[in-house]
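Each residue of the sequence shown is one higher than the last, beginning at 1 in full-length UniProt numbering. Just so you know, even glycine gets a beta-carbon here, dropped at the ideal spot from N, CA and C. Only one structure is covered here, and it is reproduced in the block below.
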Amino acid sequence: THDGGTQHGGVTRGRVVTRADGGRYVCRATNRHGVAVRSVVVTVEYQPSLGERGCPERRRWLEGTPAELGCAATGNPPPRVTCAKLGDSRDPANATELGDSQDAPQATSNVTRAHAGTYQCRATNAHGSAVRNVTVAVEYGPAGVTLRVLPSANVTRGSGFTVDCGAEGVPAPTYTWALPPAPNLRLAADNRSVTVTGATTANRGVYTCTASNRHGRRAGSVVVRVDESWLVVLAALGALGAVTALGLAVAGGYYLKTTACKKGEYNVRDAEGSEAACLHRHRDNCGEVFGIQLTQP
């Protein structure tokens, strides 16, 4: 008998064994002299299989969590499961075991973005093997928030500019803004940029973009400066004044150079006397040089 059922006769021949045939059997032999009873345990072995229930073909991992693929196979004896990333240059024999195995558990690394990709899982026992591909997507919170002001963060009054915001993240981040309130700004359809037309002083200040997804949020800021028109005029006038002053200095130097040492008749009074100031005294072909007070007649 098997599981409460009754079967008469000896060995049944010609029937294909199924997994349902496994279990405990009680065999009873009877004749007119008595009864003999014996219990028998039947184990049905079969090759491995990997199905969607135990080994889904698409997985989502979170960055920083343990990298465990958890691919469960059926089979008897219990199969050994190994998973290796396709395209990995390592020897498959040395692939990291990320699934269920009969061996002692091994320490696993934490998930990084490099873990994303397709893995091939193989379940093996004494009766064969089964293979299944599993695609892993690695998710992570927003990172690397960048802001750009085009054409420049220094804006002339009346001109236009755009502030662009970008960030990495899986799933793709959404964007929100904190910025100076003004009627002349417009947000893009995806909220990734702000455009200002006819800039005024109301548009200057800090523009902060926050990128968010289900794993977190990250913000970045940029300062926009709007130059007043009168400041631009003053700057232009200052530059013109500097050029004018430089021109006057050059002209004055040229005048002094061209009017020095003029020839003419002068009254030389006591050139070598006490009222003369000696500038240089040296001996050469020109004799001695004195500084003297000169007056025209």
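Chain-order list of residues whose beta-carbon lies under 8 Å from that of residue i (same chain, five-residue window excluded)
i, result
"Ser39", "Arg24, Tyr25, Val26 and Cys27"
"Thr201", "Arg157, Val226 and Glu228"
"Thr182", "It is Ala, not Thr, that sits at residue 182 in the sequence shown. Taken in chain order, the residues that qualify are Val196, Thr200, Ala202 and Asn203."
"Gly205", "Leu179, Pro180, Val223 and Val224"
Close beta carbons around residue i, own chain, < 7 Å, minus the five adjacent residues each side
i, result
"Arg19", "Val44 and Tyr46"
"Asn110", "Gly64, Thr65, Pro66 and Ala67"
"Val16", "none"
"Thr124", "Pro48, Pro79 and Arg80"
"Ala126", "Pro77"
"residue 298", "Look at the range of the chain in this structure, 1 to 297, and you will see that residue 298 is not part of it."
"Arg60", "Ala137 and Glu139"
"Arg113", "Glu63, Val138 and Tyr140"
Cβ shell of residue i (< 6 Å), same chain only, five flanking positions each side left out
i, result
"Thr174", "Ser212"
"Ala29", "Ala36"
"Val145", "Ala167, Ala211, Arg218 and Gly220"
"Glu275", "The pLDDT assigned to Glu275 is 43, lower than 50, so where the model puts this residue is not dependable, and the model offers no usable value."
"Arg192", "Cys165 and Tyr175"
"residue 381", "Residue numbering for the chain in the displayed model covers 1 to 297; residue 381 lies beyond these limits and cannot be assessed."
"Ala153", "Val224"
"Arg186", "Thr195"
"Arg58", "Thr135"
"Thr74", "Ser49"
"Asn76", "Glu45 and Tyr46"
"Leu62", "Glu139"
"Gly128", "Gln47"
"Arg269", "For Arg269, the pLDDT reaches just 49, beneath the cut-off of 50, and the residue's location in the model is therefore unreliable, leaving the point undetermined."
Terminal residues of the beta strand (DSSP E) in which residue i lies
i, result
"Ser49", "Tyr46 to Ser49"
"Arg60", "Arg58 to Leu62"
"Arg217", "Gly216 to Asp227"
"Thr18", "Careful: Thr18 lies outside any beta strand (DSSP E) and carries neither H nor E."
"Ser109", "Note, Ser109: premise wrong, no beta strand (DSSP E); not H, not E."
"Thr30", "Gly23 to Asn31"
"Arg122", "Gly117 to Asn125"
"Gly34", "Gly34 to Val42"
"Gly75", "Thr74 to Asn76"
"Arg80", "Arg80 to Lys85"
For residue j and residue i, believed in contact at Cβ under 8 Å, the rounded distance
i, j, result
"Val170", "Asn203", "Actually they are not in contact, since the Cβ atoms of Val170 and Asn203 sit about 34 Å apart, beyond 8 Å."
"Asp21", "Val41", "At roughly 12 Å, the Cβ-Cβ gap does not stay under 8 Å, so Asp21 and Val41 are not in contact."
"residue 356", "Gly216", "With the chain represented from 1 up to 297, any question about residue 356 goes unanswered, as that position is not in the structure."
"residue 300", "Ser49", "The structure shown does not extend to residue 300, since the chain is modelled only from 1 to 297, so the question has no answer here."
"Val155", "Ala189", "About 24 Å; that fails the 8 Å criterion."
"Arg148", "Cys55", "About 45 Å separates the two Cβ atoms, so there is no contact after all."
Proximity test, Cβ basis, 9 Å: residue i and chain D
i, result
"Lys85", "Absent from the structure is chain D; it holds one protein chain and no more."
What ranges does the beta strand (DSSP E) occupy inside the segment 130 to 214, keeping only unbroken runs of at least 3 residues that lie completely in it? Within the segment 130 to 214, the runs of beta strand (DSSP E) at least 3 residues long that lie entirely inside it are, in chain order, 154 to 156, 161 to 170, 174 to 178, 185 to 187, 193 to 196 and 205 to 213.
Would you call the segment 115 to 123 and the segment 77 to 87 in contact, with 3 or more CB pairs under 8 Å? Yes: the two stretches touch, three or more of their Cβ pairs being nearer than 8 Å.
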